[in-house]
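This report refers to the structure that appears directly beneath it.
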Amino acid sequence: MIEIPSDLHKDLVPLAFLLGNWAGAGVHDFPGAEKCNFGQEVTFTHDGRDFLEYHSHTWVLDKDGTKVRPLESEHGFWRIDADRKVEVTMTRDDGVIEIWYGELADQKPQIDLATDAVARTAASRPYSGGKRLYGYVKGDLMWVGEKQTPEVELRPYMSAQLKKVVTPEDVERWAKALPDDMPDDGIAFFR
């Protein structure tokens with residue numbers, strides 16, 4: 001279910017499908033790095049201004065699905081304009097700062113992004129840019145990331161399927177929003 005909070009900035013309504021806490025798992029595979037399954041937690045929040053705040057934490061999973069160690073962390077800000085153009089500023093824990101531009105697809109909750117600018121600290125690994133595709137599919141948030149380095153051409157390196165995390169506060173808010181005249185038998189909903 002996609003909720004549009006009453007205090008969400010009007011420009012962000014097309015991105016409302018991203019809002020919330022998400023958790024799931026995916027696959028990481030890039031030359032020169034460990035191939036592994038990973039767990040991920042993602043949060044998209046807002047504070048009434050014209051951007052979404054984004055946090056992502058991933059960690060390596062062992063064959064039993066147990067957390068082994070951190071993999072990557074990202075923090076960023078997402079905006080969209082009236083023409084459905086999306087811009088993202090993102091900072092990664094490995095010393096990379098990126099500016100991404102893309103577009104929200106017409107008639108579906110899907111965003112294609114590509115890096116426009118990359119800045120790296122001296123400690124970061126080689127990185128030239130990337131692409132990402134995010135989509136809301138049957139209630140899940142799915143994404144695939146591609147990256148390139150001076151030595152490796154653009155190629156997929158991470159993808160994940162994330163489920164919406166329901167908190168006790170969500171349940172309480174939904175319960176308070178139910179109408180007072182709810183039918184006792186669920187059948188009335190289908191009449």
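Per UniProt numbering, the very first residue in the sequence shown carries number 1; after that it's consecutive. Don't be surprised by glycine CBs; every beta carbon is placed ideally from N, CA and C.
Inter-residue spacing [alpha-carbon to alpha-carbon] between Y134 and V144: 7 angstroms
Do you know offhand how far E34's Cα is from K10's? 42 angstroms
Between G32 and L71, what straight-line distance do the alpha-carbon atoms span, to the nearest angstrom? 14 angstroms
Quick one: measure Cβ to Cβ for F38 and H46, integer angstroms, because I've assumed they're closer than 8 angstroms. 26 angstroms between Cβ atoms; not a contact.
Starting from P70, trace the beta strand (DSSP E) in both directions and tell me its first and last residue. 67-80
Using the beta-carbon count (16 or more within 10 Å), is V96 buried or exposed? buried
For the stretch 136-154 and the stretch 52-60, state whether three or more C-beta atom pairs, one from each stretch, are separated by less than 8 angstroms. no
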